[in-house]
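Peer 1:
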Amino acid sequence: MRNWIVFIVTMLMSVVAQAGLPIQHWQLANGARVYFIESHDLPMLDVSVDFAAGSAYDSADKSGLASLTHRMLDQGAGNLTDNQIASNLADVGAQLSGSLDADRAGVTLRTLSSREERVAALAMLTQVLNAPTFAANVIAREKARVIAGLQATEADPASLAARAFAQAVFANHPYSYRDTGEIATVSKLTAADLRQFYQTHYNANHAVIALIGDISRAEANAIAQQLTMSLPANNLAANTSIATVTPLATAVARTIPYPAQQSQILLGQPGVARGDPDYFALYVGNYILGGGGFDSRLMAEVRQKRGLAYSVYSYFMPMKQAGAFQVGLQTKADQTDQALAVVRDTLANFIRDGVTDDELTQAKNNIIGGFPLRIDSNKELLAYLAMIGFYQQPLTYLDDFPKRVAEVTSAQIKSAFARHIYADKLVSVVVGNVVVK
Amino acid sequence: MKSWLIASLLCMSLPATAAVQQFTLDNGLQVIVQEDHRAPIVVSQLWYRAGSMDEFNGTTGIAHMLEHMMFKGTKEVPEGQFSKLIAAAGGRENAFTNTDNTVYFEQLQKDKLALALRLEADRMHNLLLDDDSFAKENKVVMEERRLRTDDQPQALVYENMMAVAFQASTYRRPVIGWMNDIENLTANDARAWYQRWYAPNNATLVIVGDVTLDAVKALATQYFGTIPSKPLPIRKPQAEPAQVGIKRVNVQAPAKLPYLLMAYHVPVLRDADKDVEPFALEVLAGILDGNEAARLGRVLVREQRVATQAGASYDLVARGPGLFMLDGTPAQGKTAVDLEAALRVQVAAIIQTGVSTDELKRVKAQVIANNVYQRDSTFYQAMQLGEYVSAGLPVTAVADHVAKIQAVTAAQVQAVARKYLVDSGLTVATLDPQPINKTTPRAPVAGMRHVN
Numbered sequence: 001m002r003n004w005i006v007f008i009v010t011m012l013m014s015v016v017a018q019a020g021l022p023i024q025h026w027q028l029a030n031g032a033r034v035y036f037i038e039s040h041d042l043p044m045l046d047v048s049v050d051f052a053a054g055s056a057y058d059s060a061d062k063s064g065l066a067s068l069t070h071r072m073l074d075q076g077a078g079n080l081t082d083n084q085i086a087s088n089l090a091d092v093g094a095q096l097s098g099s100l101d102a103d104r105a106g107v108t109l110r111t112l113s114s115r116e117e118r119v120a121a122l123a124m125l126t127q128v129l130n131a132p133t134f135a136a137n138v139i140a141r142e143k144a145r146v147i148a149g150l151q152a153t154e155a156d157p158a159s160l161a162a163r164a165f166a167q168a169v170f171a172n173h174p175y176s177y178r179d180t181g182e183i184a185t186v187s188k189l190t191a192a193d194l195r196q197f198y199q200t201h202y203n204a205n206h207a208v209i210a211l212i213g214d215i216s217r218a219e220a221n222a223i224a225q226q227l228t229m230s231l232p233a234n235n236l237a238a239n240t241s242i243a244t245v246t247p248l249a250t251a252v253a254r255t256i257p258y259p260a261q262q263s264q265i266l267l268g269q270p271g272v273a274r275g276d277p278d279y280f281a282l283y284v285g286n287y288i289l290g291g292g293g294f295d296s297r298l299m300a301e302v303r304q305k306r307g308l309a310y311s312v313y314s315y316f317m318p319m320k321q322a323g324a325f326q327v328g329l330q331t332k333a334d335q336t337d338q339a340l341a342v343v344r345d346t347l348a349n350f351i352r353d354g355v356t357d358d359e360l361t362q363a364k365n366n367i368i369g370g371f372p373l374r375i376d377s378n379k380e381l382l383a384y385l386a387m388i389g390f391y392q393q394p395l396t397y398l399d400d401f402p403k404r405v406a407e408v409t410s411a412q413i414k415s416a417f418a419r420h421i422y423a424d425k426l427v428s429v430v431v432g433n434v435v436v437k
Numbered sequence: 001m002k003s004w005l006i007a008s009l010l011c012m013s014l015p016a017t018a019a020v021q022q023f024t025l026d027n028g029l030q031v032i033v034q035e036d037h038r039a040p041i042v043v044s045q046l047w048y049r050a051g052s053m054d055e056f057n058g059t060t061g062i063a064h065m066l067e068h069m070m071f072k073g074t075k076e077v078p079e080g081q082f083s084k085l086i087a088a089a090g091g092r093e094n095a096f097t098n099t100d101n102t103v104y105f106e107q108l109q110k111d112k113l114a115l116a117l118r119l120e121a122d123r124m125h126n127l128l129l130d131d132d133s134f135a136k137e138n139k140v141v142m143e144e145r146r147l148r149t150d151d152q153p154q155a156l157v158y159e160n161m162m163a164v165a166f167q168a169s170t171y172r173r174p175v176i177g178w179m180n181d182i183e184n185l186t187a188n189d190a191r192a193w194y195q196r197w198y199a200p201n202n203a204t205l206v207i208v209g210d211v212t213l214d215a216v217k218a219l220a221t222q223y224f225g226t227i228p229s230k231p232l233p234i235r236k237p238q239a240e241p242a243q244v245g246i247k248r249v250n251v252q253a254p255a256k257l258p259y260l261l262m263a264y265h266v267p268v269l270r271d272a273d274k275d276v277e278p279f280a281l282e283v284l285a286g287i288l289d290g291n292e293a294a295r296l297g298r299v300l301v302r303e304q305r306v307a308t309q310a311g312a313s314y315d316l317v318a319r320g321p322g323l324f325m326l327d328g329t330p331a332q333g334k335t336a337v338d339l340e341a342a343l344r345v346q347v348a349a350i351i352q353t354g355v356s357t358d359e360l361k362r363v364k365a366q367v368i369a370n371n372v373y374q375r376d377s378t379f380y381q382a383m384q385l386g387e388y389v390s391a392g393l394p395v396t397a398v399a400d401h402v403a404k405i406q407a408v409t410a411a412q413v414q415a416v417a418r419k420y421l422v423d424s425g426l427t428v429a430t431l432d433p434q435p436i437n438k439t440t441p442r443a444p445v446a447g448m449r450h451v452n
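Taken in order, these protein sequences are the chains called C and F. Each residue of the first sequence is one higher than the one before, starting from 1 at the first, in my numbering. Each residue of the second sequence is one higher than the one before, starting from 1 at the first, in my numbering.
1. Indicate whether C:Val138 and C:Gln75 have their beta-carbon atoms separated by less than 8 Å.
2. Which runs of the alpha helix (DSSP H) spanning at least 4 residues fall entirely within the stretch 46–109 of chain F, listed in chain order?
3. Kindly list the residues whose CB is nearer than 6 Å to the CB of F:Ala280, restricted to its own chain and excluding five residues on each side of it in sequence; keep chain order.
4. Mind pulling the chain C residues with CB within less than 8 Å of F:Tyr314?
5. For C:Val445, would you say it is in contact with chain F, using Cβ-to-Cβ distances shorter than 8 Å as the test?
6. Along chain F, which residues have their Cβ under 9 Å away from the Cβ of C:Asn365?
7. For F:His125, which residues in the same chain have their Cβ closer than 6 Å to its Cβ, ignoring the five residues on either side in sequence?
8. From the DSSP output, read off the bridge partner residues of C:Pro270.
9. Compile a chain-ordered list of the residues in the stretch 314–348 of chain C whose CB is closer than 7 Å to at least one CB of chain F.
10. Taking the CB atoms as reference points, tell me whether F:Gln45 and F:Val31 lie closer together than 8 Å.
11. For F:Lys136, which residues in the same chain have their Cβ closer than 7 Å to its Cβ, ignoring the five residues on either side in sequence?
12. Using a Cβ-Cβ distance under 8 Å, would F:Tyr194 count as near chain C?
13. Using DSSP with H/G/I as helix, E/B as strand and the rest coil, what is F:Pro254?
14. What does DSSP give as the partner residues of C:Gln330 in its beta bridges?
15. Give the secondary structure of C:Phe134 by DSSP, where H, G and I count as helix, E and B as strand, and everything else as coil.
16. Just grab the DSSP bridge partners of C:Tyr313 for me.
17. Thinking C:Ala476 and F:Glu143 are a contact (beta carbons under 8 Å), I'd like their distance in whole angstroms, please.
18. Tell whether a beta-carbon distance below 8 Å holds between C:Asn79 and C:Met229.
19. Per DSSP, what kind of secondary structure is F:Ala443 in: helix, strand or coil?
20. Could you work out which residue in F:Gly290, F:Leu339, F:Val276, F:Tyr171 is closest to F:Arg305 when comparing CA atoms only?
21. Could you tell me whether the stretch 25–42 of chain C touches the stretch 201–210 of chain C, where touching means 3 or more Cβ pairs closer than 8 Å?
22. By DSSP, does F:Val211 sit in helix, in strand, or in coil?
23. Using C-beta distances below 6 Å, list every residue in its chain close to C:Val15, excluding the 5 sequence neighbours before and after it, in chain order.
24. Which one of C:Leu248, C:Arg303, C:Asp103 has the shortest CA to CA distance from C:Lys425?
25. Flag this pair as yes or no: are the beta carbons of C:Asn378 and F:Asp210 separated by less than 8 Å?
26. Check C:Val405 in the structure and name its three-state DSSP category.
27. Nearest CA to the CA of C:Asp103: which residue from C:Ala416, C:Arg274, C:Leu340, C:Gly354?
28. Could you check the C-alpha separation between C:Lys364 and F:Ala89 for me, to the nearest Å?
29. Can you check DSSP and say which residues form a bridge with C:Glu38?
30. Given that C:Ser87 touches chain F, what residues does it touch there, using C-beta distances under 9 Å?
31. Just how far apart, CA to CA, sit F:Glu183 and C:Ala161?
32. Run through chain F and tell me which residues come within less than 8 Å of C:Ala155, C-beta to C-beta.
33. Using a Cβ cut-off of 8 Å (strictly closer), state whether C:Val431 contacts chain F.
34. F:Ala349 touches chain C at which residues, Cβ-Cβ below 7 Å?
35. So, do the stretch 170–179 of chain C and the stretch 337–356 of chain C have three or more beta carbon pairs nearer to each other than 8 Å?
36. Which residues of chain F have a Cβ atom closer than 7 Å to the Cβ of C:Arg303, listed in chain order?
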């Protein structure tokens with residue numbers, strides 16, 4: 001593939017809309033918020049349940065706790081063993097999956113909507129959410145698997161770079177933690193830790209349930225109630241708060257020697273929180289800087305003009321608090337300094353001079369014209385429903401998005417970048433076969 | 001890319017309800033249309049039946065290199081404009097090369113299909129292939145090889161396994177090419193490749209989305225209809241001789257954990273009506289690793305804890321020969337030898353005692369459900385159609401897949417295991433992790449050409 005990393009990042013970053021999406025929203029008596037799109041095109045149902053239970057709720061000495069708790073949900077629940085849960089889901093062709101980031105822990109179920117299959121699959125999801133067992137023996141096994149994964153990252157330059165980057169950008173903030181934790185911290189986690197974390201963070205009043213598929217609203221409501229019926233007691237809002245991120249005081253440069261053909265290079269800073277008034281200007285501006293694939297300046301300067309890298313990108317990751325602004329690329333070790341200089345220049349010029357009218361028009365044409373593509377499947381719509389619910393965005397978020405993009409001016413882009421990105425206070429991380437300076 | 005092990009598990013099928021339509025232009029361009037009116041979008045994929053398996057020694061990687069050059073301009077659409085025009089229309093475009101094909105795709109709002117077809121038709125016969133542009137892109141491709149293979153220990157294991165498992169078949173060569181070959185590719189190599197394979201009679205256009213057959217017919221005829229067909233070179237079969245004993249290869253690379261990859265020679269689907277074994281092999285892969293309750297995860301990872309991950313994969317659709325693969329990462333304190341032994345016990349258990357009715361039912365339930373789930377993705381539907389057609393199979397074979405899987409019996413699964421999962425057809429590749437010496441940089445690879 002000509003450019004797979006940008007392709008993936010674009011999909012991750014897609015934040016989009018279509019006029020008049022029929023989102024139904026209501027709240028259950030237990031506080032859970034429900035977001036539903038009724039769609040009978042395919043005989044299937046997608047459901048996700050999200051909690052404020054991501055790795056930002058870990059502590060430094062128990063880094064990895066949120067992730068291990070989340071991982072253990074389907075490894076034994078109620079009277080069922082891990083193998084029984086897996087078999088019962090497989091018997092009806094259902095797919096259970098999980099996702100976890102710094103803010104959120106989520107579980108997603110895809111099932112046929114025919115009654116027998118649906119009921120069986122939802123019964124498993126209900127058990128997994130409401131009655132995880134956290135058996136010590138199984139925890140030991142899963143800890144060993146997590147630790148093996150962490151060991152593997154020590155021989156993965158990209159992982160080493162990502163970890164050093166997060167630590168430098170977020171310093172002592174919990175966004176600096178790896179989701180999976182560290183070998184030393186995961187080794188010490190106990191069943192009691194997991195139970196405590198579950199009790200504190202898996203509560204109905206902070207649950208967000210998203211559903212799309214071949215069911216009625218009444219059925220959606222019944223499913224939402226069933227899925228949250230015996231979650232741990234209602235919880236304090238304080239347990240869902242995350243400290244604000246402190247801007248960097250100075251530039252930070254990290255070099256980690258590693259015997260690889262290529263250097264992994266990451267640059268960045270804390271970016272913005274979801275809902276930041278500058279977000280749309282930054283989003284559109286970033287398309288021009290490094291988010292728009294072959295439309296972007298970074299791709300033009302680094303790859304098209306100089307052949308220095310296969311992939312180069314930039315993105316803003318809006319989170320509950322300010323998530324990262326990141327630029328990334330990989331280049332042959334002896335080109336590291338040259339590539340780094342090109343990226344720094346491109347970014348500095350962008351911040352100083354802003355964007356041209358042609359670039360802005362091209363960016364808007366792509367983002368607005370591409371909206372229908374980003375919501376052309378139930379899977380994608382489900383993710384938007386969950387995001388809107390979790391971050392309490394307006395129900396018209398998707399409908400508004402093209403308008404907000406269309407309104408962005410080049411002056412807004414320039415001032416937004418000037419407010420948020422400081423070329424003289426960048427974190428830069430290089431992992432590779434290079435001399436430590 | 002075919003070289004990703006996980007991707008090959010996904011060879012499932014389209015709904016029987018939606019009729020696939022097809023026609024062929026006078027110049028030989030085959031067009032497949034799957035109407036899907038759920039969203040106002042369209043996917044266009046142009047499949048050229050020219051992949052790394054069609055390359056020659058010394059110019060491996062040229063199929064992929066040409067894929068990159070296809071974005072570098074024609075007289076009508078100068079360098080950079082292809083991507084610009086698609087992006088300005090709100091579209092996405094990209095391409096990929098694998099062993100069997102080179103594929104170019106666009107995803108757009110439904111009323112923009114004409115743009116995609118106009119641009120694809122133009123670069124099917126008007127590519128410029130400029131020398132300077134080639135030299136720059138050649139460096140990008142070297143970076144791509146470093147990124148995907150040279151710095152990825154498991155990818156190196158896969159590359160080495162393929163090179164050993166096959167000795168006559170061109171599947172033995174990596175899709176991206178050997179580094180030294182990439183370094184020595186020239187614009188003339190790309191021109192020769194383009195002349196040889198880029199023609200309407202060596203391509204299949206697959207369109208899935210909110211379109212009608214008539215509209216696609218009109219557009220395809222308008223844009224592709226005037227491109228002349230070419231005589232295509234005769235493809236030699238280069239059939240792989242029967243393997244006559246176990247083969248082993250060890251890969252040493254900086255890493256923390258060992259890794260094991262085992263591959264058995266097996267057949268693929270050639271006669272979509274009569275063949276049974278490929279479907280039985282797919283069910284076998286499902287029983288080993290097709291769902292969370294499947295044997296490898298349950299026994300090796302959760303019960304015996306000999307592996308932190310273990311998998312099985314088989315792709316029944318391919319132009320070339322087939323492989324049935326098992327892979328895994330040994331758990332702490334276990335070695336690749338331990339894991340190989342444990343995997344062999346699982347293989348032996350199926351050969352000796354077969355599979356249970358419950359397991360068989362469970363695998364079939366996955367296939368039936370996946371058949372519905374896949375309809376959520378227009379891109380995936382197009383991928384499936386392209387793969388089948390490119391492998392010389394009728395498009396109806398896609399829709400027939402569910403019924404074929406449902407007809408597989410436990411005895412057939414046991415029979416294919418017994419017949420094919422044998423040592424004489426086995427290649428075992430292992431990753432032997434080397435210490436990561438952080439203070440002494442490794443010397444540059446011998447023979448590396450430094451381009452400035």
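Each residue gets a CB set at the ideal place from its N, CA and C atoms; glycine is no exception.
Peer 2: Concretely, from the data shown:
1. Looking up residue 138 of chain C in the first sequence gives position 138. Looking up residue 75 of chain C in the first sequence gives position 75. Against a cut-off of 8 Å, the Cβ pair of C:Gln75 and C:Val138 comes out as a contact.
2. 62–69, 81–88
3. Counting from 1 along the second sequence, the entry for residue 280 of chain F is found at position 280. Hits under 6 Å: Val408, Gln412, Val413, Val416.
4. In the second sequence, the residue the question calls residue 314 of chain F occupies position 314. Per Cβ cutoff of 8 Å: no residues; F:Tyr314 is ~18 Å from chain C at best.
5. In the structure as shown, chain C begins at 1 and stops at 437. Residue 445 of chain C is therefore absent and cannot be evaluated.
6. For the purposes of this step, residue 365 of chain C is taken as residue 365 along the first sequence, with counting starting at 1. Simply Ala87, Ala88, Ala89, Gly90.
7. To locate residue 125 of chain F, count along the second sequence from 1; it is residue 125. Around F:His125: Ile227.
8. The residue given as residue 270 of chain C occupies position 270 in the first sequence. The partner list for C:Pro270 (beta bridge, DSSP) reads C:Ala324.
9. Gln330, Thr331, Lys332
10. In the second sequence, the residue the question calls residue 45 of chain F occupies position 45. In the second sequence, the residue the question calls residue 31 of chain F occupies position 31. No, they are not a contact pair.
11. Taking the first residue of the second sequence as 1, we reach residue 136 of chain F at position 136. Closer than 7 Å at Cβ, skipping near neighbours: no residue.
12. Residue numbering aside, residue 194 of chain F sits at position 194 when the second sequence is read from its first letter. Chain C, which has no Cβ nearer than 8 Å to the Cβ of F:Tyr194, makes this no.
13. In the second sequence, counting from the first residue as 1, residue 254 of chain F sits at position 254. It is a strand residue.
14. Here residue 330 of chain C refers to the residue found at position 330 of the first sequence. DSSP, once it has assigned bridges, lists C:Gln264 as partnering C:Gln330.
15. The sequence position of residue 134 of chain C within the first sequence is 134, counting from 1. Coil, per DSSP.
16. For the purposes of this step, residue 313 of chain C is taken as residue 313 along the first sequence, with counting starting at 1. Beta-bridge pairing links C:Tyr313 to C:Gly328.
17. In this structure chain C extends from 1 to 437, so residue 476 of chain C is not present and cannot be described.
18. For the purposes of this step, residue 79 of chain C is identified with residue 79 of the first sequence, where counting begins at 1. For the purposes of this step, residue 229 of chain C is identified with residue 229 of the first sequence, where counting begins at 1. Going by C-beta atoms, C:Asn79 is not nearer than 8 Å to C:Met229.
19. To locate residue 443 of chain F, count along the second sequence from 1; it is residue 443. Residue confidence for F:Ala443 is low, a pLDDT of 39 falling below 50, so the modelled location carries little weight and cannot support an answer.
20. As a position in the second sequence, residue 305 of chain F is number 305, starting the count at 1. Comparing Cα-Cα distances from F:Arg305 to each of F:Gly290, F:Leu339, F:Val276, F:Tyr171, the minimum goes to F:Leu339.
21. yes
22. Along the second sequence, one-based indexing puts residue 211 of chain F at 211. F:Val211 falls in the coil class under three-state DSSP.
23. Position 15 of the first sequence, counted from the first residue, corresponds to residue 15 of chain C. Bear in mind that the predicted position of C:Val15 carries a pLDDT of just 33, short of 50, making it too unreliable to give a figure here.
24. For this step, residue 425 of chain C is matched to residue 425 along the first sequence. Comparing Cα positions, the closest option is C:Leu248.
25. As a working mapping, residue 378 of chain C is identified with position 378 in the first sequence. As a working mapping, residue 210 of chain F is identified with position 210 in the second sequence. Not closer than 8 Å, so no.
26. Taking the first residue of the first sequence as 1, we reach residue 405 of chain C at position 405. It is helical.
27. Mapped onto the first sequence, residue 103 of chain C falls at position 103. Per the Cα distances, C:Arg274.
28. Counting from 1 along the first sequence, the entry for residue 364 of chain C is found at position 364. Counting from 1 along the second sequence, the entry for residue 89 of chain F is found at position 89. So the alpha carbons of these two residues sit roughly 10 Å apart.
29. Looking up residue 38 of chain C in the first sequence gives position 38. For C:Glu38, which the question treats as bridged, DSSP gives the partners C:Gly213.
30. Locating residue 87 of chain C in the first sequence gives position 87, where the first residue counts as 1. Per Cβ cutoff of 9 Å: Asn291, Glu292, Ala293, Arg298, Asp358, Arg362.
31. Stepping through the second sequence from its first residue, residue 183 of chain F is reached at position 183. Stepping through the first sequence from its first residue, residue 161 of chain C is reached at position 161. Distance between the alpha carbons of F:Glu183 and C:Ala161: 28 Å.
32. As a working mapping, residue 155 of chain C is identified with position 155 in the first sequence. Correct list: Pro153, Pro254, Ala255, Lys256, Leu257, Pro433, Ile436.
33. Counting from one through the first sequence, the residue named residue 431 of chain C turns up at place 431. By this cut-off, C:Val431 is not an interface position.
34. Mapped onto the second sequence, residue 349 of chain F falls at position 349. In chain order: nothing, as chain C lies at least about 17 Å away.
35. no
36. Looking up residue 303 of chain C in the first sequence gives position 303. The answer, in chain order, is Val140.
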